[in-house]
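Following the working numbering, the numbering of the sequence shown begins with 1457 at its first residue and continues without gaps.
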Amino acid sequence: MIEKSTRQRFTESAIVSSIGIIFILMSVYVPILQLLIFFTAVPYILITMRNGLKYGIMSACISALAVLMFSNIFYSATLFFLFFMPGIAIGHTGKGCKEPYVPISWGFISSITLTMIYIKLLSVVFGVDIVQLVMEMFEQALEFQSTLPMHAGDIDAQEILSIMGSIIPGLIIVQAMSMSFFNYYISLSILKRVERESVSMPRISEFTLPGNIALGILIIYFLTMTMKGVPWIKYDALVANITLIILFMFFLQGFAVLGHLLSKTKMNSALKNTLLFMALVLGPFSSFVSILGFLDSIIDFRRIRR
């Protein structure tokens, strides 16, 4: 690999950051593109992997200031804490790493930590309860749905709100896991096309949870059951959050297995990508993928676990 000069690193970081800012602004002003926000960590993963930690941090700070000029401080801070900085953690630990769970784990840990810090800062500095704000937005969405002619009249809005309120910790963890997982592999896909050298990079179809994950989950559930009688623990909420997190972990492994199985077929790439997209967005399909991941954690269909 040709060593790049400081000027080349700075120029490349500026170009990648600018592209990221353009996509962020597009998602702000074009509602149909709001899904792009979920992938805003990708530019900072790429910058940190290719140019180093210093350029990643510098790019994230400048990008946050640029976004602030076109939006507001809450939006800019949200992107900085929840996407830019975890992206830097993924890029820093993922550079030259052959085990994908290492950068994904660091991205997850940094995302959870920064999310907690961000929520606390909003509460202390601005007096904003982000959890309550999310619940109010969800309640408004339910009220709007109830005004539609074809709404499901048997849905108990208060019951749904209660369930959503109880699993918010689990949803935060799932968001952090999914952000780290998908942003990491998208970044690797881009790097494979940019770096022409024959560099060995982990593929999404090779991702696997630790081999003892099934035993670990049984232990977690056993310990959870022992807390059923503890008065200061909301047992039902605890079980719901743990179940949500575990199902999503198996979903990630199942998604990798599905990618592996599809790679063995003669389908064209468009159909393969469509099936993978359906696995992400369709509920019944997602449940099947989670089951597939659970079975693979026991049987190891791909024979890749050491």
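All C-beta atoms, glycine included, are put in the ideal place defined by N, C-alpha and C.
**Request:** Give the secondary structure of I1501 by DSSP, where H, G and I count as helix, E and B as strand, and everything else as coil.
**Result:** Residue mapping note: residue 1501 aligns to position 45 of the sequence shown, counting from 1. The answer is helix: DSSP assigns I1501 an H, G or I state.
**Message:** Counting C-beta neighbours from all protein chains within 10 Å, is the total for S1461 16 or more, i.e. buried, or is it exposed?
**Reply:** As a position in the sequence shown, residue 1461 is number 5, starting the count at 1. With fewer than 16 Cβ atoms within 10 Å of its Cβ, S1461 is classed as exposed.
**Asked** From I1475 to P1499, what distance separates their C-alpha atoms?
**Response** Taking the sequence shown and counting its residues from 1, the one referred to as residue 1475 is at position 19. Taking the sequence shown and counting its residues from 1, the one referred to as residue 1499 is at position 43. The alpha-carbon atoms of I1475 and P1499 are separated by roughly 8 Å.
**Message:** Using only the alpha-carbon positions, how far apart do L1708 and I1560 sit?
**Reply:** Start at 1 with the first residue of the sequence shown, and residue 1708 comes out as number 252. Start at 1 with the first residue of the sequence shown, and residue 1560 comes out as number 104. Computed Cα separation, rounded: 12 Å.
**Asked** CB-CB under 6 Å to Y1574, same chain, minus the five flanking residues each way: which ones, in chain order?
**Response** For the purposes of this step, residue 1574 is taken as the residue at position 118 of the sequence shown. Excluding residues within five positions, the ones whose Cβ falls inside 6 Å are F1537.
**Prompt:** Alpha carbon to alpha carbon, how far is F1750 from T1664?
**Reply:** Within the sequence shown, the letter at position 294 stands for residue 1750. Within the sequence shown, the letter at position 208 stands for residue 1664. Distance between the alpha carbons of F1750 and T1664 is about 11 Å.
**Request:** If I'm right that T1680 touches V1695 with Cβ under 8 Å, what's the distance once you round it to whole angstroms?
**Result:** Translated into positions along the sequence shown, residue 1680 becomes position 224. Translated into positions along the sequence shown, residue 1695 becomes position 239. Right, the Cβ-Cβ distance comes to about 6 Å (below 8 Å), so this counts as a contact.
**Prompt:** Can you name, in chain order, every residue of its own chain whose Cβ lies under 7 Å from the Cβ of Y1531, other than the five neighbours on each side?
**Reply:** As a first step, residue 1531 must be located in the sequence shown, where it is residue number 75. Here the set comprises V1523.
**Prompt:** Would M1633 pass as a contact of F1706 if the rule is Cβ separation under 9 Å?
**Reply:** For the purposes of this step, residue 1633 is taken as the residue at position 177 of the sequence shown. For the purposes of this step, residue 1706 is taken as the residue at position 250 of the sequence shown. Not in contact: M1633 and F1706 (Cβ atoms no closer than 9 Å).
**Prompt:** Just how far apart, CA to CA, sit F1678 and N1507?
**Reply:** Counting from one through the sequence shown, the residue named residue 1678 turns up at place 222. Counting from one through the sequence shown, the residue named residue 1507 turns up at place 51. Going from the Cα of F1678 to the Cα of N1507 covers about 46 Å.
**Touch test, the region 1642-1651 against the region 1566-1581, Cβ-Cβ under 8 Å, three pairs minimum** = no
**Prompt:** Can the beta-carbon of S1636 be found less than 9 Å from the beta-carbon of V1713?
**Reply:** Position 180 of the sequence shown holds residue 1636. Position 257 of the sequence shown holds residue 1713. No, these two residues do not count as a Cβ contact at 9 Å.
**Item:** Residue environment, D1756, which counts as buried when at least 16 other CB atoms sit within 10 Å
**Value:** Residue mapping note: residue 1756 aligns to position 300 of the sequence shown, counting from 1. Flag for D1756 reads exposed.
**Prompt:** What residue from S1742, V1580, L1718 has the CA that sits closest to F1704's CA?
**Reply:** In the sequence shown, residue 1704 corresponds to position 248, counting from 1. Closest by alpha carbon: S1742.
**Message:** Tell me the DSSP secondary structure of M1606 in three-state form.
**Reply:** Translated into positions along the sequence shown, residue 1606 becomes position 150. Annotation note: pLDDT 48 at M1606 (below 50); position unreliable, no value reported.
**Request:** Locate the alpha helix (DSSP H) running through D1692, then write down its first and last residues.
**Result:** For this step, residue 1692 is matched to residue 236 along the sequence shown. Element bounds for D1692: 1691-1719.
**Request:** Check whether the Cβ atoms of G1550 and A1516 lie closer than 9 Å to each other.
**Result:** By 1-based counting over the sequence shown, the position of residue 1550 is 94. By 1-based counting over the sequence shown, the position of residue 1516 is 60. In this structure, A1516 does not lie closer than 9 Å to G1550 by Cβ.
**Request:** Enumerate in chain order the residues of its own chain whose CB-to-CB distance from P1625 is below 6 Å, with the five nearest sequence positions on each side excluded.
**Result:** Translated into the one-based positions of the sequence shown, residue 1625 becomes position 169. Correct list, in chain order: N1697.
**Request:** In the DSSP assignment, find the unbroken alpha helix (DSSP H) run with P1542 in it and report its ends.
**Result:** Walking along the sequence shown from the start, residue 1542 turns up at place 86. Run containing P1542: 1541-1550, per the alpha helix (DSSP H) assignment.
**Residues of its chain near F1540, where Cβ-Cβ distance is below 6 Å and the 5 sequence neighbours each way are ignored** = Residue mapping note: residue 1540 aligns to position 84 of the sequence shown, counting from 1. Result list for F1540: Y1500, A1516, in chain order.
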